[in-house]
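Notes for the one structure printed next.
Numbering (our numbering), first residue to last: 297 to 454.
Okay, structure coming up:
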């Protein structure tokens, strides 16, 4: 997950280390959704009192993750192994792939407007760890803030 890169970005933001700890509700949610231990440990370490903006990409506070992921159509993401952890400038969701620990985007318009959409068809895997993604969000000019830009970015890396 490249915690050191996440910490570097927090330091560059001059973000105060103010942890609120994980609530019982979020712990129960993590257990019920079989969230891997290394991700739970990450959120135990980085549980803040509010969301954080890294450039134009947002990182949700840990204790809001159950609310962000539980209702339809968002619950389709967690059922597909993608935990919604933030959003980009236009509202596309930032998700953490629970198998690969890569960050990606979900096209929010498709998610909300097309009940029949398959999550894998609206998911753009950035191939970046959480630390890489948020560090680049803060430090790299022109870094993607939505699914469309993520596709272009990935294609330019190949």
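Ideal placement from N, C-alpha and C gives every residue a C-beta, glycine not left out.
*Sub-9 Å separation of residue 353 and residue 439 beta-carbons*: Residue mapping note: residue 353 aligns to position 57 of the chain shown, counting from 1. Residue mapping note: residue 439 aligns to position 143 of the chain shown, counting from 1. The beta carbons of residue 353 and residue 439 sit closer together than 9 Å.
*Mind reading off the beta-carbon distance from residue 359 to residue 319? Whole number of angstroms is fine, and I expect it under 8 Å.*
Against the chain shown, residue 359 aligns to sequence position 63. Against the chain shown, residue 319 aligns to sequence position 23. In this structure, residue 359 and residue 319 form a Cβ contact; the two beta carbons are roughly 5 Å apart against a cut-off of 8 Å.
_Complete alpha helix (DSSP H) runs within the stretch 304-369 (minimum length 4 residues, chain order)_ = Listed in chain order, the complete alpha helix (DSSP H) runs (minimum 4 residues) inside the stretch 304-369 are 320-328, 333-341 and 361-366.
*asked:* Would residue 382 and residue 355 be called neighbours here (beta carbons separated by less than 9 Å)?
replied: Counted from its first residue, the chain shown places residue 382 at position 86. Counted from its first residue, the chain shown places residue 355 at position 59. Yes, they are a contact pair.
*Report the three-state DSSP secondary structure of residue 383 (helix, strand or coil).*
Stepping through the chain shown from its first residue, residue 383 is reached at position 87. It is a strand residue.
_Under the three-state DSSP convention, the category residue 393 falls into_ = Here the question's residue 393 lines up with position 97 in the chain shown. Reduced to three states, the DSSP call for residue 393 is strand.
*Can you tell me whether DSSP reads residue 377 as helix, strand or coil?*
As a position in the chain shown, residue 377 is number 81, starting the count at 1. For residue 377, the three-state secondary structure derived from DSSP is coil.
*First and last residue of the beta strand (DSSP E) that includes residue 405?*
The count along the chain shown starts at 1 and reaches residue 405 at position 109. Here residue 405 belongs to no beta strand (DSSP E); instead the alpha helix (DSSP H) covers 404-409.
_Quick check: the Cα distance between residue 399 and residue 321, rounded to an integer number of angstroms?_
Translated into the one-based positions of the chain shown, residue 399 becomes position 103. Translated into the one-based positions of the chain shown, residue 321 becomes position 25. Roughly 24 Å separates the two Cα atoms.
*Just how far apart, CA to CA, sit residue 345 and residue 357?*
Sequence index remark: in the chain shown, residue 345 carries index 49 (1-based). Sequence index remark: in the chain shown, residue 357 carries index 61 (1-based). Here the C-alpha atom of residue 345 lies approximately 7 Å from the C-alpha atom of residue 357.
*Between residue 340 and residue 323, what straight-line distance do the alpha-carbon atoms span, to the nearest angstrom?*
Mapped onto the chain shown, residue 340 falls at position 44. Mapped onto the chain shown, residue 323 falls at position 27. If you draw a straight line from the Cα of residue 340 to the Cα of residue 323, it comes to about 10 Å.
*Return the CA-CA distance between residue 367 and residue 333, expressed in angstroms with no decimal places.*
Locating residue 367 in the chain shown gives position 71, where the first residue counts as 1. Locating residue 333 in the chain shown gives position 37, where the first residue counts as 1. If you take the alpha carbons of residue 367 and residue 333, they lie about 23 Å apart.
*Of the choices 330, 407 and 397, whose alpha-carbon is the least far from that of residue 387?*
Counting from one through the chain shown, the residue named residue 387 turns up at place 91. Selection 330, 407 and 397 evaluated against residue 387 yields 407 as nearest (Cα-Cα).
_residue 336 beta carbon less than 9 Å from that of residue 378_ = For the purposes of this step, residue 378 is identified with residue 82 of the chain shown, where counting begins at 1. For the purposes of this step, residue 336 is identified with residue 40 of the chain shown, where counting begins at 1. In this structure, residue 378 lies away from residue 336, with their beta-carbon atoms at least 9 Å apart.
*Would you list the one or two residues that DSSP bridges to residue 400?*
Along the chain shown, one-based indexing puts residue 400 at 104. For residue 400, which the question treats as bridged, DSSP gives the partners 391 and 421.
*Would you mind sorting residue 404 into buried or exposed? The rule is 16 or more other CB atoms within 10 Å of its CB.*
Taking the first residue of the chain shown as 1, we reach residue 404 at position 108. When all chains shown are included, residue 404 counts as buried.
*So, residue 424 versus residue 437, is the Cβ gap smaller than 9 Å?*
Locating residue 424 in the chain shown gives position 128, counting from the first residue. Locating residue 437 in the chain shown gives position 141, counting from the first residue. Not in contact: residue 424 and residue 437 (Cβ atoms no closer than 9 Å).
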